[in-house]
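See below for the structure under consideration.
2 protein chains.
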Amino acid sequence: MARMTSYKEPFLQFIHKLQDQICHALPEEDDTAVLTEDLWTREEGGGGKTRVINGGKVFEKGGVNISAVHGKLPASMASYLQTDYSDFFACGISLVIHPLNPFVPTVHANYRYFELYDQDGRLADQWFGGGSDLTPYYLFEEDVRHFHRTLLGICNQFDDSLYPAFSKACDNYFYNHHRQEARGVGGLFFDRLRGNSEHDTRFWFDFVTSCGNAFIGSYLPIVQKRKDIDWTGSHKFWQEIRRGRYVEFNLLHDKGTLFGLKTNGRIESILMSLPATVRWEYNYHPEAGSEEARMLEVLQHPKSWI
Amino acid sequence: MARMTSYKEPFLQFIHKLQDQICHALPEEDDTAVLTEDLWTREEGGGGKTRVINGGKVFEKGGVNISAVHGKLPASMASYLQTDYSDFFACGISLVIHPLNPFVPTVHANYRYFELYDQDGRLADQWFGGGSDLTPYYLFEEDVRHFHRTLLGICNQFDDSLYPAFSKACDNYFYNHHRQEARGVGGLFFDRLRGNSEHDTRFWFDFVTSCGNAFIGSYLPIVQKRKDIDWTGSHKFWQEIRRGRYVEFNLLHDKGTLFGLKTNGRIESILMSLPATVRWEYNYHPEAGSEEARMLEVLQHPKSWI
Chain S
0 MARMTSYKEP
10 FLQFIHKLQD
20 QICHALPEED
30 DTAVLTEDLW
40 TREEGGGGKT
50 RVINGGKVFE
60 KGGVNISAVH
70 GKLPASMASY
80 LQTDYSDFFA
90 CGISLVIHPL
100 NPFVPTVHAN
110 YRYFELYDQD
120 GRLADQWFGG
130 GSDLTPYYLF
140 EEDVRHFHRT
150 LLGICNQFDD
160 SLYPAFSKAC
170 DNYFYNHHRQ
180 EARGVGGLFF
190 DRLRGNSEHD
200 TRFWFDFVTS
210 CGNAFIGSYL
220 PIVQKRKDID
230 WTGSHKFWQE
240 IRRGRYVEFN
250 LLHDKGTLFG
260 LKTNGRIESI
270 LMSLPATVRW
280 EYNYHPEAGS
290 EEARMLEVLQ
300 HPKSWI
Chain H
0 MARMTSYKEP
10 FLQFIHKLQD
20 QICHALPEED
30 DTAVLTEDLW
40 TREEGGGGKT
50 RVINGGKVFE
60 KGGVNISAVH
70 GKLPASMASY
80 LQTDYSDFFA
90 CGISLVIHPL
100 NPFVPTVHAN
110 YRYFELYDQD
120 GRLADQWFGG
130 GSDLTPYYLF
140 EEDVRHFHRT
150 LLGICNQFDD
160 SLYPAFSKAC
170 DNYFYNHHRQ
180 EARGVGGLFF
190 DRLRGNSEHD
200 TRFWFDFVTS
210 CGNAFIGSYL
220 PIVQKRKDID
230 WTGSHKFWQE
240 IRRGRYVEFN
250 LLHDKGTLFG
260 LKTNGRIESI
270 LMSLPATVRW
280 EYNYHPEAGS
290 EEARMLEVLQ
300 HPKSWI
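Line order of the protein sequences matches chains S and H.
Position 171, counted from 1, in the first sequence is what numbering that gives the first Met the number 0 calls 170; the numbers after and before it change by one each time, with no gaps.
Position 284, counted from 1, in the second sequence is what numbering that gives the first Met the number 0 calls 283; the numbers after and before it change by one each time, with no gaps.
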């Protein structure tokens, strides 16, 4: 077998640069958004840079985090990955943005790279993962189409089979099984993207970094369009009810969250994905024919946006 | 082996009566609390009566539910219980009360009874479980002592070894491992209480029903004492932050919740345990020396209240 080429350095460069770009772009839409930075280290090796948004007039809460960790593979990770290799390196960028205005959708994105090493310390396995997905509270079909078309455009620069496969994977993944409804309106989701006879590792590196670089263009135009729409208490109420579903997904089903908590990850960086204000109401159903019911209908019966 | 005596009928009587008593007692503290009743049936056998509190001036959100279900043991339940018996009956009362006033603690209680049958339909195993626990947002030591002393009094009517064992089990169970802090200030927690050489099934039936019957006296005097204390936005803020921890426990760690969701239980009855308004704030720490910090200190270093 040919010696594997590590993408550690170029991927680290990619996540650092993308974090800077996004943290530069967000305040341009919201001059009240304060981004604070926390550097943290992981006892067992590595660390991260958490940048948190709090109390903005457009972006109420969120974070754009990068991390790069390495060391001995924790037992729970080895079992999850079904591997015998004992050393790992993982890095990635992870972001969640919860806007204040109920007409602006929440967005989540994550791009990550993983390496495993054999007992002689040689690179033995490597893959990419990630994706991005949109969670609106009110349905503007043109916004959802813009988001999906941007992702489709990137995918099709690489291989026409990618968008159908990865958008379906996204619908399957971000699904609240206990509610039988989608968390949002989809996007892309991919994992274990390894070099193979069809596409080499370089191909997947280019694909994943291209997805990351398209993030700002997929989301910010939607923010610009909707951030000044007037909203009332009843819009906020519905947004908070739906944010409850977001919390349910992240705490009950999201593998990244559960995995982070199990492997003694940095709690505040993991749970920064949760919205600021959330509401649960017993057996709440929006009025038939309302905008809220229209949104719910799409979440209960996901459709194709292309 | 002597033929087992079923406690199905007397336990059903107990939970029906206790639900009525509690639902009678709560509105006496809050004439604005509206209790609505939902009857539901389970496709595979049985059903329940959910009584929900919503929007009261004292009791903001909560529920007092009873259920009695039976049929073939779902595979996930058989594996959880590590049993080969294929038929079961389970009934219980479960309640959570989230007061509006941050100075009034949240309370949770549950009393349940389980039967398993062999292939000839004969009763083959039976046990009781349950307990109650208190989650204050501000610490009034005398309230916590009242709650624990009431439980101690019941326990000691039966066996002096019960309170130490079951209050310790409660501290261990209602613990947010990922935060390294207790959910609340404890109470009692017990499960798989089976008749044995020391105490027969009748003993445990009497014990569990006595615990249930002491619930009102353990909690309502605290409500009466604190419900009219004035509170401000900053008290509410802290209460909502702490309610976030309650949500984290229930969705990440609570076996009852996860079990209910896995076995296709009634979602709205299971998640009625979640508070109305909740808040997450990145890396929030109360000011040193504040009342909030004093509360947190006790949750991080649980103490004995007797």
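Glycine is no exception: its CB is placed at the ideal position from the N, C-alpha and C atoms.
Given the structure is predicted, the values throughout are model-derived calculations rather than measurements.
Simplified DSSP assignment, three categories, for residue i
i: L25/H; result: helix
i: P98/H; result: strand
i: L138/H; result: coil
i: Q156/S; result: helix
i: Q125/S; result: strand
i: I215/H; result: helix
i: S131/S; result: strand
i: A77/S; result: helix
i: L306/H; result: Here chain H has residues from 0 to 305 only, and residue 306/H is not among them.
i: T200/S; result: helix
i: T82/H; result: coil
i: S303/H; result: coil
i: D205/S; result: helix
i: R41/H; result: coil
i: I221/H; result: helix
i: L34/S; result: strand
Unbroken beta strand (DSSP E) run spanning residue i, endpoints
i: S66/H; result: F58 to K71
i: K235/S; result: Careful: K235/S lies outside any beta strand (DSSP E), inside the alpha helix (DSSP H) at G232 to E247.
i: K48/H; result: G45 to N53
i: L260/S; result: Note, L260/S: premise wrong, no beta strand (DSSP E); alpha helix (DSSP H) at K254 to K261.
i: R191/S; result: G186 to L192
i: L295/S; result: Careful: L295/S lies outside any beta strand (DSSP E), inside the alpha helix (DSSP H) at E290 to Q299.
i: T4/H; result: That residue, T4/H, is in no beta strand (DSSP E); it is neither H nor E in DSSP.
i: R278/H; result: T276 to R278
Alpha carbon of residue i to alpha carbon of residue j, nearest angstrom
i: G264/H; j: P73/H; result: 11 Å
i: P98/S; j: E59/S; result: 5 Å
i: D205/H; j: K261/S; result: 40 Å
i: L273/H; j: W279/S; result: 7 Å
i: D19/H; j: L25/H; result: 10 Å
i: G46/S; j: Y116/H; result: 53 Å
i: T276/S; j: G120/H; result: 50 Å
i: I52/S; j: C22/S; result: 9 Å
i: S166/S; j: M76/H; result: 34 Å
i: Y79/S; j: S131/S; result: 23 Å
i: R178/S; j: F146/S; result: 25 Å
i: Q118/S; j: Y6/S; result: 20 Å
i: H176/S; j: G129/S; result: 21 Å
i: T155/H; j: Y162/H; result: Here residue 155/H is Asn; the residue named in the question, Thr, does not match the sequence. One C-alpha to the other measures close to 7 Å.
i: D170/S; j: T4/H; result: 51 Å
i: E36/H; j: G152/S; result: 52 Å
i: Q238/S; j: F102/S; result: 9 Å
i: S83/H; j: F236/S; result: In the sequence on display, residue 83/H carries Asp and not Ser. Taking the straight line from one Cα to the other gives about 47 Å.
i: E42/H; j: H198/H; result: 36 Å
i: L38/S; j: L251/S; result: 28 Å
i: L257/H; j: R50/S; result: 32 Å
i: L34/S; j: N64/S; result: 11 Å
i: T200/H; j: G55/S; result: 59 Å
i: S66/H; j: K48/H; result: 6 Å
i: Y281/H; j: S233/S; result: 26 Å
i: E286/H; j: F139/H; result: 19 Å
i: G259/H; j: L270/H; result: 10 Å
Delimiting residues of the alpha helix (DSSP H) encompassing residue i
i: K167/S; result: L161 to Y172
i: Y112/H; result: Note, Y112/H: premise wrong, no alpha helix (DSSP H); beta strand (DSSP E) at T105 to Y116.
i: E267/H; result: I266 to I269
Partner residues on chain C for residue i, Cβ-Cβ distance less than 7 Å
i: P301/H; result: Annotation note: the requested chain C is absent from the structure, which comprises protein chains S and H.
- Inspect the CB distances between the region 205–212 of chain S and the region 223–232 of chain S and report whether three or more fall short of 8 Å. no
- Message: Under 8 Å: do the region 180–187 of chain H and the region 241–254 of chain H share three or more Cβ pairs, one atom per stretch?
- Response: yes
- Three or more C-beta pairs below 8 Å linking the region 87–103 of chain S and the region 290–300 of chain S: Taking 8 Å as the limit for Cβ pairs, the verdict is that the region 290–300 of chain S does not touch the region 87–103 of chain S.
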